[in-house]
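Undergrad:
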Amino acid sequence: MPRFYFHKHINGQTVPDRRGTSLRNENEACAHAVRCTPLTLRKLAKSRKNTYLAWEVSDGERTIFVVRGKLVIERR
Numbered sequence: 001m002p003r004f005y006f007h008k009h010i011n012g013q014t015v016p017d018r019r020g021t022s023l024r025n026e027n028e029a030c031a032h033a034v035r036c037t038p039l040t041l042r043k044l045a046k047s048r049k050n051t052y053l054a055w056e057v058s059d060g061e062r063t064i065f066v067v068r069g070k071l072v073i074e075r076r
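Quick note: the sequence shown uses the UniProt record's numbering, first residue 1, plus one each step.
#1: On the criterion of 16 or more Cβ atoms from any shown chain inside 10 Å, does Val67 qualify as buried, or is it exposed?
#2: Hey, out of Thr14, Ala29 and Tyr52, whose CA is closest to Thr21's CA?
#3: Mapping DSSP to helix, strand and coil, what is Arg68?
#4: On a CA-only basis, which of Val15, Lys70, Asp59 and Asn27 is nearest Pro38? Give me that one, please.
#5: Between Gly60 and Arg76, what straight-line distance do the alpha-carbon atoms span, to the nearest angstrom?
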């Protein structure tokens, strides 16, 4: 099975994925990033107010997908 890497870009900082995850194909890798986005934003919201997250899905040589999420907390 091919290995995919999920590099996180959080508010301008990059957290590289050095281990990767074995998945069947590119579509499964994209679905994995989409499923992880809400949970990751929820965890980040505890320590920050506004959060921008982008998952860069790579096969180790090229970027295949970018999944983006943004959380804005407003007090009124």
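Heads up, the beta-carbon is just placed ideally off N, CA and C, and yes, glycines get one too. In this text the structure is predicted, and so the values were computed from the model without any measurement.
TA: Considering the structure as presented:
#1: Classification for Val67: buried.
#2: When the alpha-carbon of Thr21 is set against those of Thr14, Ala29 and Tyr52, the nearest one is in Ala29.
#3: Note: Arg68 maps to strand in three-state DSSP.
#4: Selected option, being the one with the closest Cα: Lys70.
#5: For Gly60 and Arg76, the distance between alpha carbons rounds to 44 Å.
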